[in-house]
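Peer 1: So the sequences go chain by chain: A and B. Just so you know, we're using the numbering used here here: the first sequence kicks off at 1 and counts up by one. Just so you know, we're using the numbering used here here: the second sequence kicks off at 1001 and counts up by one. Idealized CB from N, CA, C, for every residue including glycine. Every value quoted in this text rests on a predicted model; they were computed, and no experiment measured them.
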Amino acid sequence: MSETDTFRAEIRAWLDGNCPPEMRLPVADEDDVCWGGRNPKFKNEAQKLWLDRCAAKGYTVPDWPVAYGGAGMTPAQAKIWREELGRIGGRSPLSSFGIWMLGPALLKFGTEEQKVHYLNPIARGEVRWCQGYSEPGSGSDLVSLQTYGDDQGDHWVVSGQKIWTSYADKADWIFCLVRTDKTNKYQGISFLLFDMTTPGVTTKPIKLISGNSPFCETFFDNVPVPKHQIVGELNRGWDVAKYLLGHEREMISGAGGADRLNTIGAMAHRHGGIDNPVLRAELALFDIDALAYGAMGEKFLDEAKVGKAHPAQPNMMKYAGTELNKRRHELLMAAGGSTALEWDSAETRGGAAPRGWLRTKANSIEGGTSEVMLNVVAKRILDLPGA
Amino acid sequence: MPLYHTEDQTMLADTVTGFIADEGAIKTQLRRLRDSNDTAGYDPKLWKQFAEMGLTGVLLSEADGGLGLGHVEAGIVLREIGRNLTPSPFLSTAVIGATALGAASDDVKGRYLPGIIAGETVLALALDEGPKHRPERVKLKAERAGNGFRLTGAKDFVLYGATADALIVAARTSGADSDADGITLFAVPHDAAGIGHNAVRLVDSSMASHVTFDGVQVDGSTVIGDVDGGRAMLDKVLNAGRIGAAAELNGVGGGAFAITTGYLKTRKQFGRLIGEFQALQHRAAHLYSELEIADAAVIKAQQLLDGGCEHAAVMVSVAKAKASLATNLAVREGVQMHGGVGMTDEFDIGLFMKRDRALAEFLGDASYHADRVATLSGY
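#1: Quick one, which of V178(A), R38(A) and M333(A) has its alpha-carbon nearest G132(A)'s?
#2: How would you list, in chain order, the residues of chain B whose beta-carbon sits under 8 Å from the beta-carbon of D302(A)?
#3: According to DSSP, simplified to helix, strand and coil, what is L1059(B)?
#4: What residues match up with V1223(B) in a beta bridge as DSSP calls it?
#5: Classify M73(A) as helix, strand or coil using the three-state DSSP reduction.
#6: How far does the alpha helix (DSSP H) with I122(A) in it reach, from first residue to last?
#7: Taking a cut of 7 Å between CB atoms, which residues from the stretch 139–163 of chain A lie near chain B?
#8: Measure the beta-carbon distance from H1071(B) to D1295(B) and round it to whole angstroms, keeping in mind my assumption that it falls under 8 Å.
#9: Who are the Cβ neighbours of A1301(B) in its own chain at under 6 Å, not counting the five residues just before and after it?
#10: Just tell me which of K1322(B), A1187(B), V1158(B) and S1221(B) has its CA closest to the CA of L291(A).
#11: Closer than 7 Å, CB to CB, is A1370(B) near chain A or not?
#12: Using a cut-off of 9 Å between C-beta atoms, extract the partners of T1261(B) located in chain A.
#13: Under a CB-based cut-off of 7 Å, is G1378(B) close to chain A?
#14: Taking any Cβ of chain A, which residues in the stretch 1275–1288 of chain B have a Cβ under 7 Å from it, in chain order?
#15: What are the uninterrupted segments assigned as alpha helix (DSSP H) that are 4 or more residues long and contained completely in the stretch 260–322 of chain A, given in chain order?
#16: From the DSSP secondary-structure annotation, give me the bridge partner or partners of I1168(B).
#17: Excluding sequence positions up to five away, which residues of its chain have a Cβ less than 7 Å from the Cβ of K1354(B)?
#18: Spell out whether any CB of chain A is found under 7 Å from the CB atom of K1322(B).
#19: Could one say the Cβ of I1349(B) lies closer than 7 Å to chain A's Cβ atoms, at least one of them?
#20: Can you give me the Cβ contacts of G200(A) inside the same chain, cut-off strictly under 7 Å, excluding the 5 residues immediately before and after it?
#21: Work out the CA separation of T74(A) and E10(A) for me, nearest whole Å.
#22: For A1008(B) and I122(A), what's the separation of their Cα atoms in angstroms?
#23: Kindly indicate which three-state DSSP category G86(A) falls into: helix, strand or coil?
#24: Could you list the residues in the stretch 332–359 of chain A with a C-beta less than 9 Å from some C-beta on chain B, going in chain order?
#25: For the stretch 271–287 of chain A, which residues have a CB atom closer than 9 Å to at least one CB atom of chain B, in sequence order?
#26: Contact between the stretch 286–304 of chain A and the stretch 360–373 of chain A is defined here as three or more beta-carbon pairs at a separation below 8 Å; is this criterion met?
#27: What do you reckon, are the CB atoms on T1086(B) and I1020(B) nearer than 7 Å?
#28: Are the stretch 1268–1282 of chain B and the stretch 267–275 of chain A touching by the rule of at least three beta carbon pairs closer than 8 Å?
#29: So with CB distances below 9 Å, who are the chain B contacts of T6(A)?
#30: What in chain B is Cβ-close to G307(A), meaning under 8 Å?
#31: Is it buried or exposed, S134(A), if we count other Cβ atoms within 10 angstroms and call 16 or more buried?
#32: If contacts are defined as beta-carbon pairs under 8 Å, then G1255(B) and N1084(B) qualify, I think. What distance do you get, rounded to the angstrom?
#33: Less than 7 Å between C-beta atoms, sequence neighbours within five positions excluded: which residues of the same chain meet that for G237(A)?
#34: Does L374(A) get closer than 7 Å to chain B when you measure Cβ to Cβ?
#35: Please report the distance separating the alpha-carbon of A56(A) from that of K48(A).
#36: Give every residue of the same chain whose Cβ lies closer than 6 Å to the Cβ of A362(A), excluding the five residues on either side of it in the sequence, and list them in chain order.
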């Protein structure tokens, strides 16, 4: 048996013995997603057990070093982990902006002390993070941000407002872009970390068209932030931010793909059939795009792990994946008919379909709009003039 | 297996890219053949060069004298054929023909394989009956007669049919036209009595035949695989041909995209390079994204086929459909972004559009494969 086969057999055996049956069911709604944090909300015992078991083995972040809470897997091993988890339909044990976004930035830009201090609780799901990027006047033009950190010797005093802060009201800590030099646009921003319970931090959920409030306005009123809580160099936070945005775009782009057993057509068929040839054709054409995009996601990940991917490729992925996800939900609404219009009935799990559909409209806005993504692709990948 | 080329495959790609760019260029192959009114549809000298590099035997086993490689490698060759619009019987012979012959008798293998490896033999697939690819229906009849079979019927869209040394023919040996069972594959020699060719030039300057079989007598050794049990073999041949066509399509799309973005960087209007206009930048970036995704679908399907995955057929159909949709967008945008010169014969972009059209149709267009994806997925 090759080393790979042995590893796969080990993972398979571990999953067989440790992944609770409840955690092998498809994610039906937001409660099925485990976010961890200081005050974690577990839907059931199985969800907690699954997180604890994975965290103990480093499987919440399989490819992070063991010293930071990971399992130290190679890219090939991490792929096997994902494949085997997928094979049993196992859920991700932990959803976390700490894992998807801050983690990669800390691994690249953090000091050894910061890595040990911040990454381990992220891996164990003990601290939940949010991202302070956008401001009311700084959306696509993010670098114009105004939130200011006033230098007070051993700390900054941060004041300003962030917006579209995902789950700010549930997060324990924030990673935040703060202007530390008003005279330099790009090289006047620093990447700061601070506790959301620090005096001066307040959050206010924003009610969206879906009726839900995953985003907040976040206000900083003279918030003290110690100097050692900076990631990377002073005034070079934009480099960290750009690097991290790449990961954010990867994360959002993951939504678009499909696998063979999970096509939208097969799903619609299970939910009462498709009795119209035009709808069937639309579903089939969508499934072609989704299955092809699934392969693209796999290829991109494989290439990124060995440095073969173009550094701007996440922008393409983000564009294609989010546009695809919006189309998926348009089709799900069409396939669902009037059932998919119900807004709060118990039978529809509180209008999961229409709320999910409306939620996807943000996909091509958050983390960089589709138009900005196309700008970046035109400039950095296609090298078109004057872009 | 990671979804990118191994070191060996990258080396092969480097070699093949240079070789086909040099020897298979649009000017010296496609345009020369077309403008001299050539009717073979390819340059035998170039086919010989393919053989000298071992490429004609890419899919044949080493025991049969080939390279013993897979669909990823065959796709590397096809992509460059597509990028250069090189007229070549590679797909019909080295991919489709070679896959079919894998199940043939030693007698038939002995008849054709050495010629394929030497670059002297060309095979053609005679499958479609009518203007659309509908392999579920096979009407051409093969009745037992003498020590073999007698074939009666007609086939269309037989690429390289008139110049091929043998035709791979799907025939009905029992049952009704649309039955899954009752199909048999034959390797019919080109000089068998009763074969009639009406060779026609297609929009992309390639040559295809309407072939009639008027009681064509063949002996039993020409049967490929099992009598009445040819459907599974036909599916295998079609998977190989479709993923090959998809790889070639991606080459066509990539080639069209390269000359189009090149044009955006040189053509000036309103005192600016037209590539500076955001309306064109966004369309070009969208097109890039579609072509990248099509590439990913193709390599995924190639790897699944090479790995013997039982579900490969779905991904093959996804890849063929996606490759033709993305490449179709590339050639349409290509002509439009070239403006008036895109309509001229002098510029190459129109040649890409023509090639895309023919390849998109070959072995099932996007609507055929969308229907197939839905059927295979259970809806």
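Peer 2: From the atom records:
#1: V178(A)
#2: P1002, L1003 and Y1004
#3: Judged by DSSP in its simplified three-state form, L1059(B) adopts coil rather than helix or strand.
#4: F1186(B)
#5: coil
#6: Here the alpha helix (DSSP H) through I122(A) covers N120 to A123.
#7: none
#8: With 8 Å as the limit, H1071(B) and D1295(B) do not qualify as a contact, their Cβ atoms being about 14 Å apart.
#9: These residues qualify, in order along the chain: I1243, M1315, V1316 and A1319.
#10: K1322(B)
#11: yes
#12: The answer, in chain order, is L382, D383 and L384.
#13: yes
#14: In summary, the residues of the stretch 1275–1288 of chain B whose CB is separated from some CB of chain A by less than 7 Å are G1275, E1276, Q1281, H1282, A1284, A1285, H1286 and Y1288, in the order they occur in the chain.
#15: 264–270 and 277–305
#16: L1125(B) and A1187(B)
#17: V1203 and D1204
#18: yes
#19: Chain A contact via Cβ: absent.
#20: F220, D221, N222 and V223
#21: 15 Å
#22: The residue asked about is misnamed: residue 1008(B) is Asp in this sequence, not Ala. Distance between the alpha carbons of D1008(B) and I122(A) is about 40 Å.
#23: helix
#24: none
#25: Taken in chain order, the members of the stretch 271–287 of chain A whose beta-carbon sits within less than 9 Å of a beta-carbon on chain B are G273, I274, R280, A281, L283, A284, L285 and D287.
#26: no
#27: In this structure, T1086(B) places its C-beta atom within 7 Å of the C-beta atom of I1020(B).
#28: no
#29: Correct list: empty, because the minimum Cβ distance to chain B is about 17 Å.
#30: Chain B residues near G307(A): none, gap ~11 Å exceeds 8 Å.
#31: buried
#32: In this structure G1255(B) is in contact with N1084(B), their Cβ atoms being roughly 7 Å apart against a cut-off of 8 Å.
#33: Result list for G237(A): L177, I189, S190 and F191, in chain order.
#34: yes
#35: Going from the Cα of A56(A) to the Cα of K48(A) covers about 12 Å.
#36: none
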